[in-house]
Each structure stands twice: as C-alpha cells, then as structure tokens.
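K.L.:
This is the structure I have questions about; it appears just below.
Protein chains: 2
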Amino acid sequence: MSVNFRLPGPTPLPPQVTEALGREMIAHRGPAFRSLYHETLRLARELHRTDGDVLTWAASGSAGWEVAIVNLLSPGDLVLAAVNGNFGERFARVAKEFDLDVRRIEAPWGQPLRPEALASALDEHGDVKAVLLVHNETSTGVTNPLRALAGAVRDHGALTIVDAVSSAGALPLEMDDWGLDFVFSGSQKAWMCPPGLLIAAVGPRAWAAQERSRYPRFFWDMKESKTMADQGMTPTTPPLSMIYAYRTALEMIASEGIENVWQRHRELGAITRAGVRAAGLQLFAHEGSESNSVTAFHPPEGVTASEMLAMLREDYGVEAQGGQAHLVERLIRIGHLGWVNEQEMGAATAAIGESARRLSTNSQNSAIAS
Amino acid sequence: MSVNFRLPGPTPLPPQVTEALGREMIAHRGPAFRSLYHETLRLARELHRTDGDVLTWAASGSAGWEVAIVNLLSPGDLVLAAVNGNFGERFARVAKEFDLDVRRIEAPWGQPLRPEALASALDEHGDVKAVLLVHNETSTGVTNPLRALAGAVRDHGALTIVDAVSSAGALPLEMDDWGLDFVFSGSQKAWMCPPGLLIAAVGPRAWAAQERSRYPRFFWDMKESKTMADQGMTPTTPPLSMIYAYRTALEMIASEGIENVWQRHRELGAITRAGVRAAGLQLFAHEGSESNSVTAFHPPEGVTASEMLAMLREDYGVEAQGGQAHLVERLIRIGHLGWVNEQEMGAATAAIGESARRLSTNSQNSAIAS
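Protein chains in written order, with our numbering: chain A, 1 to 370; chain B, 1001 to 1370.
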C-alpha cells in the first residue's frame, strides 16, 4: 500500500526536488553558488509578490518567530499578539521569553481573528510597535483575513509580522500590496521541500525597525544576511542541498504560475471539505474562514483522533495528524498543500468516509454493549 | 575532467549519504522518526566519546558560537577567548556582540595556542566563567592541543567551550576523557553531509551552567531540545533529510571505526604535507601543530592565491580555497577530511606540484621581463 502522506507538513517531495537534493556540493563562495542564490532569491521575491528582500537561513520555520523579534524589536517593546490557535499561542510565548511587553487579542480556536477587534485593541493599547499574526493557523485549519488585519495594523503605524508557515506558496499572499513588513515560512509546507530552510521576506519598514532594534544577534542578523545576499552569498555556510531543492521548487511553482497554484489549493480545499462533510463529519473551522491548505475536523462521536488516525494509516495508507494542545484527541488535521493533486485528496477523503463509517458503527456497538 | 573537491568544507558526499538525502518525508512525531533520531544520537554520542548528550539543530555550524553563549552564560560574564586564527576571532566577536566581558589570549596565526600561556591568563583574569576554544583552526591549518588546553581550563574551574567544526569526526576528540563541556560541529565537514545541521555535545557541567544562564532563548534552548530528544523528537520540525544523511554518515564512520578514521586522517595529512613540501612550497602551520584535516600553504613567491586556485581548478579539476582575512591571497587551503582517500590526495598534491612549477616559471619570466 503506497502512502498518501497528508500531514499539514512536512509535505511530499516532487521527484524534481528529490533529484535536486542529491546534487553534489559546490563552493559556497564561488560563482556557481552566487548565481544559484541570486536566482533563488529572485524567484522567491516574485512568489512573495514583493520588490523588497527575501532572505534564507538554515533553520526550522518556527525560528522565524525569534528572527522577527531579535531583528525588529527591543526588550520591553509593546507588541500585540493575535491568538486564535496553537501557533499564535507559541508566537506570543516566544515574544514573552524575549522580554517584550506582550498584550493579546484572541479569538476562540476555530474562529478567525476580526479586523475590527484588532483595530480596537490597537487603539486601546496605544504605542504598539508590532502585531504578531499567524496567517493560516495550522493547528485549527483557519485562515485569518490577513489583508484586512494588516490594513488595521498599518493604519495604526505598527509593524505587521506574519507567520506564513502554512500559507506562503499555497494561499494568496501579497507582501507589498497588503503592506506586510516581515513574512516568514518554512521549506517543508507549500514550498515542497524537506524541513530545514527558513525563508523571510522583509519590507522597507522592517529594515527601518532593525536600525533601532537593540537585541544582540549574530546568526539571525538580517542586515548581515542581506549584505551577503546582495553578493549572492550567506554570512555562514548555506545549507546547499536545501537551496538546490528550494530553487527547484520555486521554479516549479513559477512555471505553474502562482495564481494557478492558489487556485489549485482553493479547489483542493473545497474537495477536502466536501469529502469531510459527505462523511458526516464536522469541520472545525468557522464557515468562511476554512483554510485551503489544512483542514481540521472532528472524528465521529465517541471516537478518538488516535483511533481514527491509526485506521487511516493502517487500512488506507493515509498519514494524517491529530489536534494540538487541548484538541489532541478531538481533531484530525489533513494537509492539502504543496505537491498534491485532486486524485490524492479524493482518495484521502474516501478513506476518511469509510473509516468514519466503520468507527461510528464500532462505537455504537460498544455503546450498546456497555 | 572530474572534480577533486578539496575545500575545507563543504566536503564531498558519499553515495550512501546522497541516497539517504533523497528519502521520502516521514511524520516527525511518529515512531519511525523517533527510532531514527534515537539511533542517530546514540551513534553521535559514541563518536564524540561521551556518555552525556548530543543534540542537533537545523542550522549552520557557526551558529554553535551563539548556542553555546545563550545557553551557558549570562550578559557581563567574564570569558577568555583563545584566538589564533579567523574562527577564534569570529567566536570572540560573537561573544562581544552578546555583551560578554571578553578577554583574549592570542597566538600568532599559524602557531598553536600554548596551554601554559592559557593557564597564566586564567590566573591573571580571575573569575573566568568559560574559555572559548577552536580545536582546529580552519583558517590556518593549525590544530590546537585541545586536551592540554582543556586541562588548564578545568584546573581553573571554568567551562571549556569548543568549536570542533573541522575536527569532530576527523581528529581525536574525547569529550568525557578530556573534560570538555560543550563541543559543536557542522554536518558539512568530517561528518560527510551537506551543510545545514548543527551538532552539539553537552556535558554535565554545561547543564549546570544552563540553570544559571539568563539569556532569553527559544530556538536554541538546549534544555527543551534535550527534553524532546529523550523522547526521540525535536522541539520544532527537524530537518528530516539532514537527519537521514547524518545517521547514514555516522553509521559509515562507526563501521570504519572512529580510531581508524582518525588514523586515516593522520595519513591523509602526512601525504598532503609531503606533497606540498615536495612541490617546494611552505606550510603555514608551525611544525608539530599541522592539522590532519586542513592544510594551509603559501603559493610560490610572486604568485597570488587567486592565480594558483584558478590553475588548480581549470587545468587539474582541483577545487581548493584561498586564505581568510589578511591572508586571502597569501594562503591556499586544502581539505582532506571526511569522504576522501589517498588517491584523491595524491592527485591533488600532484596538481599542486605541477601548478607551482608552472606558476613559478611564469613568475620568474615576468620578473626577468620587467
């Protein structure tokens, strides 16, 4: 049985990316690397819809929280963390660890953040330096209305820092048009690469903020990273295989066309949700804010996520994931981002339907028996 | 012409490692990853000669400077940076960036650090919390006498923090026997992997120091990393392909036998030095402290490193590297670490000999002509 690898990340690798990963080492200060890195960043800028900068680091996507903080802020700065899921929660926690003065605006998990509520919170809190946003909450399958949220932040004059780990490359994201200041993601989601590369797009107001930032920094220093990137290099040895892979993936996305990629994800999201509903299961995300990259739904009543995940894996070859935090056993999460097509999502939702039926029957039988 | 890839790093990948890099993604919270990561760390502990911990991060090797500082020290702490090359210099600079009170002990580039001098400096400076050491100076081809240096540090009661980027896995290094507290390296040198994985071995005194450390930290937090590693996981998504590769490389090294690997590097070092001397060229490292992983030598008189590197690359397929800092044009550096054998070093030194002869003749002719 072949595996239908449907985690919200890491996601499957296209054969072209696998091939790129296996390429030989080259001199990371030589002309071949310089041309590779220039071209990689050019494509990345294009796909982030920005004339600003894109930089990369050997790191996990989650390091983006720290990179944003130590480059754009200073200890004691007032920031507003917008939280409606586990990744927003973690971003807020990292901000606190770095001694920022963290205020929160929350929406219940499964609900989107409301731009009006954000605008009011900004008015209430006064001198907010930055708003910490998660574009697509991987923990709940909710896409926040980033464009409108960023508009509210901009009106207030604060920086918009965006965790786009499970959105960039899958969902519409317009760095410049939407006035985003710092947008980061990891290679292992819609970018169709293994984990290990952090990607950050940096706008002009973020560069201005860096001039004022007082955190000590070395590895994460984005000014040094830009100085070297402008010469087609990185301050420390770059993760060559990851750069080979990322450039190849970017070429594939550019060749499909980023708007076509967004449209494909819209269709994959719709197929997945239709399949989940047809299985009689309940989506977790509030209607209208369902993510087109990750779907979260409840297992049948009386059935734990673990039971359903095991059946999906063992009987249907579908590798999905449970919930996070208090929802560990109450949610199933399924990724439909990156290297994925309708057939695979059709097979996955068919497996979800069948296993829901079988598990419900089991669950009812044992309820009767007990 | 096939490439004889002789940078001091990145180094060539064995076919087994290339194969491992191309493996499919797996769930990073699932049983297959847990067993992979447990086994990887077990092998890494064995090859670091430690009963303590080994941890990994998606990062460049140079991030190890920062990881050591933010986990083991606090702003204002007195540290002694031992500097006899560019990497020691950079380690000291990072320590200063992180507001440590940095004192220096130096040896001229090309000379090793002297344990007696270190002992005197420690006595002179009093309450030194840690000594920052570079085991093998990649910039000069000098191996410092780590065991004796660490002995002096231990007598004083300070922590021994070791940059082993171009030594671990190539040169004898006994974490526990030598009383080292924190030893880090990057995947792209003797570990025969692409760059992108930071590896750190952590001893008991380092753990005690972490309890007192007051830096904010998230991504680099080694306690969180250990808590997760003990369960076969990582706090954030691990760089799966790099872990596949690293585990494979560790198995190869363990199967050759780490002492045999050290012996092979000793022989490769001797072959390289003999070849350089036979070419009539002058080694940069002081006699008795020459590195068995990286050799640095001067190009013929009147010849720049750039000229010789271009000839080596274009006419012989040998990819070598120039010097660093003030020695950019005055040194050629050649790596003989990791996936490399006698034949390759024989071919490289033959090319060095021939190009030295040709370039010297050119240089003399133009001297006569002018």
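For every residue, glycine included, the Cβ atom is placed at its ideal position computed from N, Cα and C.
Residues in the same chain with beta-carbon distance under 6 Å from B/Arg1023, minus the five sequence neighbours each way, listed in chain order, please.
P.N.:
Cβ neighbours of B/Arg1023 beyond the five flanking positions: Tyr1244.
K.L.:
Can the beta-carbon of A/Asp181 be found closer than 9 Å to that of A/Trp65?
P.N.:
It is not a contact, given that the beta carbons lie outside the stated cut-off.
K.L.:
Using C-beta distances below 6 Å, list every residue in its chain close to A/Pro10, excluding the 5 sequence neighbours before and after it, in chain order.
P.N.:
Once the five neighbours on either side are set aside, the close Cβ partners of A/Pro10 are Gln188, Pro195.
K.L.:
In chain A, which residues lie less than 7 Å from B/Gln1188 when you measure between Cβ atoms?
P.N.:
Thr237, listed in chain order.
K.L.:
Mind listing the chain A neighbours of B/Leu1021? Cutoff is C-beta to C-beta under 8 Å, in chain order.
P.N.:
By Cβ distance, chain A contributes Leu21, Gly22, Ser241.
K.L.:
Taking 9 Å as the threshold (C-beta atoms), are B/Ser1293 and B/Pro1008 in contact?
P.N.:
Yes, these two residues count as a Cβ contact at 9 Å.
K.L.:
For A/Thr138, is the classification buried or exposed, using 16 other Cβ atoms within 10 angstroms of its Cβ as the cut-off for buried?
P.N.:
So A/Thr138 ends up on the buried side.
K.L.:
According to DSSP, is B/Phe1033 helix, strand or coil?
P.N.:
Note: B/Phe1033 maps to helix in three-state DSSP.
K.L.:
Could you name each continuous beta strand (DSSP E) segment of 3 residues or more that falls completely within the segment 148 to 227 of chain A, going from the start of the chain to the end?
P.N.:
Correct list: 159 to 163, 182 to 186, 197 to 202.
K.L.:
Candidates B/Arg1217, B/Phe1098, B/Ala1274, B/Cys1193: which alpha carbon is nearest B/Leu1021's?
P.N.:
Checked all of B/Arg1217, B/Phe1098, B/Ala1274, B/Cys1193; the closest Cα to B/Leu1021 is B/Cys1193.
K.L.:
If you draw a straight line from the alpha carbon of A/Ile368 to that of B/Gln1231, how long is it in whole angstroms?
P.N.:
Their backbone Cα atoms lie some 38 Å apart in a straight line.
K.L.:
Can you tell me which of A/Asn362, A/Gln321, A/Glu329, A/Leu73 puts its alpha carbon nearest to the alpha carbon of A/Ala206?
P.N.:
Answer by Cα proximity: A/Leu73.
K.L.:
Specify, as a first and last residue, the run of the alpha helix (DSSP H) that A/Asp315 falls within.
P.N.:
Note, A/Asp315: alpha helix (DSSP H), 305 to 316.
K.L.:
Note down, one range per segment and in chain order, each alpha helix (DSSP H) of at least 4 residues found wholly within the segment 39 to 78 of chain A.
P.N.:
The qualifying runs are 63 to 72.
K.L.:
Assuming B/Phe1297 is part of the beta strand (DSSP E), what are its boundary residues?
P.N.:
Taken as a continuous stretch (DSSP letters only), the beta strand (DSSP E) holding B/Phe1297 covers 1294 to 1297.
K.L.:
DSSP puts A/Arg273 in a beta bridge; with which residues?
P.N.:
Its beta-bridge partners do not exist; DSSP assigns none.
K.L.:
Is there a C-beta anywhere in chain B that falls below 9 Å from the one on A/Trp191?
P.N.:
Answer no: the Cβ-Cβ gap between A/Trp191 and chain B never drops below 9 Å.
K.L.:
When the Cα of B/Leu1149 is compared with those of B/Val1142, B/Ala1310, B/Leu1171, B/Glu1116, which residue comes out closest?
P.N.:
Considering only alpha carbons, the answer is B/Glu1116.
K.L.:
Buried or exposed: where does B/Val1328 fall if 16 or more other Cβ atoms within 10 Å of its Cβ makes it buried?
P.N.:
Label assigned to B/Val1328: exposed.
K.L.:
Report the partner residues of B/Glu1319 according to the DSSP bridge assignment.
P.N.:
In the DSSP output, where bridge partners are listed per residue, B/Glu1319 has B/Phe1005.
K.L.:
Suppose the cutoff is 7 Å on Cβ atoms and the five residues either side in sequence are ignored; what does the same chain contact list for B/Gly1110 look like?
P.N.:
Thr1140, Val1142, Phe1284, Ala1285, His1286, listed in sequence order.
K.L.:
Closer than 8 Å by beta-carbon distance: list the chain A residues that pair up with B/Thr1248, in chain order.
P.N.:
Result: empty, since nearest Cβ-Cβ is about 13 Å, beyond 8 Å.
K.L.:
Note down, in chain order, all residues in the segment 58 to 71 of chain A with a beta-carbon under 8 Å from any beta-carbon belonging to chain B.
P.N.:
Here the close residues are Ala58, Ala59, Ser60, Gly61, Ser62, Ala63, Trp65, Glu66.
K.L.:
Can you give me, in chain order, the residues of the segment 92 to 108 of chain A that have a beta carbon less than 7 Å from any beta carbon in chain B?
P.N.:
Per Cβ criterion, the list reads Val94, Glu97, Phe98, Asp99.
K.L.:
Going straight from the alpha carbon of A/Ala274 to that of A/Ala350, what length do you get?
P.N.:
The straight-line gap from Cα to Cα measures roughly 11 Å.
K.L.:
Tell me the rounded alpha-carbon separation between A/Lys226 and B/Leu1173.
P.N.:
Answer to the nearest angstrom: the Cα atoms are 36 Å apart.
K.L.:
Kindly indicate which three-state DSSP category B/Asn1365 falls into: helix, strand or coil?
P.N.:
Correct three-state label for B/Asn1365: helix.
K.L.:
With a threshold of 9 Å between beta-carbons, can A/Pro14 be considered close to chain B, or not?
P.N.:
For A/Pro14, the answer is no, since every Cβ of chain B falls outside 9 Å of its Cβ.
K.L.:
Any C-beta of chain B sitting closer than 9 Å to the C-beta of A/Ile145?
P.N.:
Per the sequence shown, the amino acid found at residue 145 of chain A is Pro instead of Ile. Judged by the 9 Å Cβ criterion, A/Pro145 is not in contact with chain B.
K.L.:
Can you give the beta carbon distance from B/Pro1238 to B/His1028, rounded, assuming they're within the 8 Å contact cut?
P.N.:
With a Cβ gap of about 6 Å, B/Pro1238 and B/His1028 count as contacting.
K.L.:
Under 9 Å, Cβ to Cβ, is there at least one residue of chain B near A/His298?
P.N.:
No, A/His298 does not count as interfacial toward chain B.
K.L.:
Could you give the distance in angstroms between the alpha-carbon of B/Lys1096 and the alpha-carbon of A/Gln282?
P.N.:
When rounded, the distance between both Cα atoms is 55 Å.
K.L.:
Residues in its own chain within less than 6 Å of A/Ser56 by CB, not counting five upstream and five downstream?
P.N.:
In the sequence as displayed, the identity of residue 56 of chain A is Thr instead of Ser. Cβ within range, chain order: Leu197, Ile199.
K.L.:
Determine the closest residue to A/Thr40 out of A/Thr160, A/Phe218, A/Ser241, with distance taken between C-alpha atoms.
P.N.:
Cα-wise, what sits closest to A/Thr40 is A/Ser241.
K.L.:
Report the option in A/Ala107, A/Asn71, A/Gly186 whose CA atom is closest to the CA atom of A/Ala130.
P.N.:
Ranking the options by Cα distance to A/Ala130, first place goes to A/Asn71.
K.L.:
Can you confirm whether B/Ala1009, when its beta carbon is compared against all beta carbons of chain A, has any partner nearer than 9 Å?
P.N.:
Going by the sequence as given, residue 1009 of chain B is Gly instead of Ala. Yes, contact with chain A.
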